[in-house]
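Engineer: Protein chains in written order, with my numbering: chain A, 3 to 233; chain B, 922 to 1596. Just so it is clear, CB atoms sit at the ideal spot from N, CA and C, and this is done for glycine as well. Before we start, here is the structure in question, set down as structure tokens.
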Amino acid sequence: MNDLAIKAQGLTKSYHMGSSTLRVLRGVDVQVRKGEFAVVVGASGSGKSTLLHLVGLLDKPDAGSVWLDGIDASKLPAAKRNRVRCRDVGFVFQFYHLVPELDIIENVLLPVKVDSSVLAWSRRRGPARKQAVEILESLNLSHRLGHRPRELSGGERQRVAIARALINNPKVLLADEPTGNLDSVTGKQIISVLRSFNQQRGQTILMVTHDNNLAQQADTVFRLADGRLGG
Amino acid sequence: MYKLHLLLTYLRSKALAILAMLGVSACVFLMLVSVSVMSGFLWKIERAAKGLFGDVVVESGGVTGMAYYDEFIAEVTKKVPEVKAGSPFILAYGILPVPGTDFRQTIQIAGIRLPQRVDVSDFEQGLYFEAGVPRPTFDPPAKLLLERIKQDNDQVLLIRQRETLKVYALQTDRDKLLPIQRQRLDKLLDSPPPVGDDDMAWLAALPQKTADDLTDSQMRDILASQAIAERIQTTFVFRRRAQRCILNTQKYRQQWTDLRNVLAQAQDKGPSASTTAALSQALVLLETLAAEDFLRTNKSVEAALPGLKDELKRARQDLPTVETVDALDRCLALTQEYLMGDAAHRVVLGLGIGGLSFRSPKGETIRHVVPGNKISLLMLPLGKATGTSMPQVQMADFTVIDDNHSDVSSIDSKFVYIPFETLQAMNNMAAEYDADDSKRVVVPARCSQIHFKVDIDKWVPSARLLEGAKGQWLPHRYSEEEILQDVSGKIQELWKTFAAEPSHRASGEVSIVTWRQLQRHVIGPIQQQRTLAIVMNSIMWGVSVLLIVVILYVIVVQKTADIGIVKAVGGSSWGVAGIFFGYGAIIGLIGSVLGSVLGWIFVRNINAIQDFTDATVGFRVWDPETFMFEKIPNEVDWSAAVWIIAGALVAGLIGAMIPAVRAARMQPVEALRYE
């Protein structure tokens, strides 16, 4: 159990739309070891993103539990869930989700600011900025630090989103279709970036995608269909 | 940290935030300006009302008035240490035919004692011709009046010249002028008045545009200026008559009095050269008088003159007798009737009675009637119960000696002030004596009100007030009104004892009130107007809340994805709400500070701004032709400002509440899906 970064057990989730109920997940179990690059593959609407949101504590399951690094996160109060989400989980979204008013470095530093009071920030500011610059350099974005997201290409934006996800050295990085909005060349570059972080730093990654080709690069592949995991 | 960072980022980058701040500042600005102007207006009215009637007023319950007023004033000033002075007052209703017209004005006639009146009121501060005289009377020195009338004439002539120059500026056809003429014209129009007669004549001779060459607004301006110049011209008919009246009074009254004294002495000592000379002088004077226009046209004077002449001639040949002195007395009486009259028949007019003066568009007062002019007053005496018979209308002529403005339009446009004892007699309020014993008073003299002046600094709380304050925990700071009410209570107590004395049985029913209570009909509507202004502005305040709600709501909707991002990286619900709360508070704060500063600048310069708009586009909100104040009140009401600023802050917070709560409740997954 201690070598598991993510353990999800019996996750079910339904959405109510008027009188009808859409059962998205019907008891899903997922286990990802520390340092593993796991991928969830499934068709559109199969519940991949929902699974990722439940694992990343962005949403609550109707039933089932999520353990992150051995801690039952589903039983934590809201404030602690926020903290876990901030420190232990990094998110990369299909649509990047950068704050348009902030420049690149400010976007990357956002999770550090969320985790800091005004006083703490004055202490952390220097080291955090240094780390952000290092990550951005490793992602070949050192020339873009003062730019706004709208001035960047899709691939660059997604790399900024990866930098933001990694700034707090999270235990797990969750990527929701990170290449879904990119052309195939750029998509491959993003996957290789993720892969290199996984291989060089031992970063645990859980990625969802509908692209079977991308899944081939993963250590473990979960196939999701009709709300259940296949082989 | 992220809250502050995002808050500042949103404030910097959002045009909507600037719009909301401007909205709030506009509300604060409008509220501050309107409340300050209304408060200033109210303050002026209150001060004026207080200045008119003293601090505490003893008012008679019925129209017949109260008796033994002088005794009661003496009693109060002796026994109530806070009371500085008291003065009786009579109020009656009458009609004033406007001189030179067929119009009549209904008026209120106030009987006052001068100069004692100034001990209880600010009456002297509102006088125009006797301005600066600390203790004015109904018989001011002729020299002073003549000097002030001349000063006023000069001022009024300048206004006429200004208006005439305006006409020339618009009407002169510059195209037909030689360059040198144009230069002289510009120089004359730009130079400060007065412009010399030669120059005015030169201007009048210049070629003029035809009506077709003038625009409608130019035509309107020309007609308006011409009308003012013409009205001023007509006032000089009255002004010249008034000046002659004062001059003649100066001339004849002293001479008749001197002659009368010489002859009265001659009666005892026998005739002498000086008596004969005095009689010759009297005859010359009578001849001069007979030649005066105003005496020649009067039939009764015409009839009396030959008899008087004969008597003076006879006395010159024989001996001056009692008849001679009597003849000179009649001469004096005749003169007085057509000169300024005796000191009992003088009147101070309220400045603002229709037809007696008018105001220029710039707010200058131009008087038709000046000291020396005469007016008639008609009144129905109500001072005595007359049984079944109807009271007879009283009419008397009065010579104007001044006008008074209190800044309360309803008072200035209605009041005239005449000597107390004169009105007392006209209103059947004078004492009546026994037919057999002329010293025995049958009905005592009466007045309508007594006005008392209170020295607040000398106030000692009454036993009743101290008793009432016993149960209170905190010491109470008494307002001026509360102090005056306490003093009123003391005067009331004294009245009870005073009226109960057998010698004062006929003193009548009274009510004792403070000036504020007495003037509630004047102050009340203004207070209501101010309340109305506050209510209207509160509606605007509500609109500003709505504005902030809408703007913040729009921002929250626009920022839904951001909210999702912040929550996805660990931001709490209350943290996100805090961003929008702070946003609303800062909008409220900056908006209210901006609005207050702008409001302060506007209120302080409100008159200059109005003059500017008047000069450039001809727009005036505060028309000095209508309002009695020439200037708009320009003091900021800071006590109200504190509430207005606090209100704007609360508006910002309330406005932010709904969007902030929405942002807090938003699920991160939903927010992230929002694009």
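Would you please state the rounded distance, in angstroms, between the beta carbons of B:Val1470 and B:Gly1568? I believe it to be under 8 Å.
Structural biologist: Actually they do not touch by this definition, with Cβ atoms about 15 Å apart.
Engineer: Mind listing, in chain order, the continuous beta strand (DSSP E) runs of no fewer than 3 residues lying wholly within the stretch 136 to 188 of chain A?
Structural biologist: 174 to 178
Engineer: Which residues in chain B sit within 7 Å of A:Pro113, going by Cβ to Cβ distance?
Structural biologist: Val1490 and Gly1491
Engineer: Who are the near neighbours of A:Asp64 in its chain, counting only those whose CB is closer than 7 Å to its CB and skipping five residues on each side?
Structural biologist: Only Thr14, Lys15 and Ser16 meet the Cβ criterion.
Engineer: Measure the alpha-carbon distance for A:Asp2 versus A:Leu70 and round it to whole angstroms.
Structural biologist: No information on residue 2 of chain A is available, as it lies outside the stretch 3 to 233 that chain A covers here.
Engineer: Report the rounded CA-to-CA distance for B:His1289 versus B:Phe1157, giving the unit in angstroms.
Structural biologist: 8 Å
Engineer: For the stretch 960 to 1039 of chain B, list the alpha helix (DSSP H) runs that are entirely contained and at least 4 residues long, ordered along the chain.
Structural biologist: 990 to 1000
Engineer: Confirm, please, whether the CB-CB distance from B:Leu1473 to B:Ile1566 is below 9 Å.
Structural biologist: no
Engineer: Going along the chain, which residues of its own chain have a beta-carbon closer than 7 Å to the beta-carbon of A:Pro113, five neighbours each way excluded?
Structural biologist: Cys88, Arg166, Ile169 and Asn170
Engineer: Counting contacts by CB-CB distance shorter than 9 Å, is B:Leu1605 in contact with chain A?
Structural biologist: The question about residue 1605 of chain B has no answer, for chain B in this structure spans 922 to 1596.
Engineer: When Cβ atoms are compared, which residues of the stretch 1471 to 1501 of chain B fall closer than 8 Å to chain A?
Structural biologist: Ala1482, Asp1483, Gly1485, Ile1486, Val1487, Lys1488, Ala1489, Val1490, Gly1491, Gly1492, Ser1493, Ser1494 and Gly1496
Engineer: Find the residues of chain B that neighbour A:Phe93, judging by a C-beta separation of less than 8 Å, and give them in chain order.
Structural biologist: Ala1489 and Val1490
Engineer: Just verifying my parser: in three-state terms, what is the DSSP assignment at A:Arg125?
Structural biologist: helix
Engineer: Any idea what DSSP makes of A:Lys9, helix, strand or coil?
Structural biologist: strand
Engineer: Quick check on A:Leu141 - is its C-beta less than 9 Å from some C-beta in chain B?
Structural biologist: no
Engineer: Show which residues of chain A have a CB atom less than 7 Å away from the CB atom of B:Met922.
Structural biologist: Lys115, Ser118, Ser119, Val120 and Trp123
Engineer: Can you check whether the C-beta of B:Pro1589 is within less than 9 Å of a C-beta belonging to chain A?
Structural biologist: Yes, B:Pro1589 counts as interfacial toward chain A.
Engineer: Do the stretch 1397 to 1404 of chain B and the stretch 1414 to 1434 of chain B make contact, defined as three or more Cβ pairs closer than 8 Å?
Structural biologist: Contact check between the stretch 1397 to 1404 of chain B and the stretch 1414 to 1434 of chain B: fewer than three CB pairs, one atom from each, fall below 8 Å, which does not count as touching.
Engineer: Tell me the residue span of the beta strand (DSSP E) that contains A:Trp69.
Structural biologist: Ala65 to Leu70
Engineer: Can you find a CB in chain B that lies within less than 9 Å of the CB of A:Glu153?
Structural biologist: no
Engineer: If you measure between the beta carbons of B:Gly916 and B:Leu1298, is that distance less than 9 Å?
Structural biologist: In the structure displayed, chain B extends from 922 to 1596; residue 916 of chain B sits before or after that span and is not available.
Engineer: As a quick exercise: from B:Gly1271, B:Val1464 and B:Val1363, pick the residue whose alpha carbon is nearest that of B:Val1291.
Structural biologist: B:Gly1271
Engineer: Flag this pair as yes or no: are the beta carbons of A:Leu231 and A:Asp61 separated by less than 9 Å?
Structural biologist: no
Engineer: Is the stretch 1065 to 1072 of chain B close to the stretch 1339 to 1346 of chain B, with three or more CB pairs under 8 Å?
Structural biologist: no
Engineer: Could you tell me the alpha carbon to alpha carbon distance between B:Val1408 and B:Ala1352, rounded to whole angstroms?
Structural biologist: 30 Å
Engineer: Tell me whether A:Ala220 is buried or exposed, calling it buried when 16 or more other Cβ atoms sit within 10 Å of its Cβ.
Structural biologist: buried
Engineer: By Cβ distance below 7 Å, which residues in the same chain neighbour A:Arg35 in space, the five residues on each side in sequence not counted?
Structural biologist: Asp5, Leu6 and Ala7
Engineer: Using the DSSP secondary-structure output, state which residues sit across from B:Gln1129 in a beta bridge.
Structural biologist: Residue pairing for B:Gln1129: DSSP places it in a beta bridge opposite B:Thr1093.
Engineer: Is there a C-beta anywhere in chain A that falls below 9 Å from the one on B:Tyr931?
Structural biologist: yes
Engineer: How is the alpha helix (DSSP H) around B:Thr1452 delimited, first residue to last?
Structural biologist: Arg1441 to Gln1479
Engineer: Any contact between the stretch 980 to 992 of chain B and the stretch 1309 to 1328 of chain B? By contact I mean 3 or more CB pairs, one from each, below 8 Å.
Structural biologist: no
Engineer: For B:Met1347, name the three-state secondary structure that DSSP assigns.
Structural biologist: helix
Engineer: Residues in its own chain within less than 8 Å of B:Pro1128 by CB, not counting five upstream and five downstream?
Structural biologist: Thr1093, Asp1094, Lys1097 and Leu1098
Engineer: Starting from A:Asn84, follow the alpha helix (DSSP H) in both directions and report where the run begins and ends.
Structural biologist: Ala80 to Arg89
Engineer: From B:Phe1419 to B:Val1001, what does the alpha carbon distance come to, in whole angstroms?
Structural biologist: 13 Å
Engineer: Which residues mark the beginning and the end of the beta strand (DSSP E) in which B:Ile1371 is found?
Structural biologist: Gln1370 to Val1375
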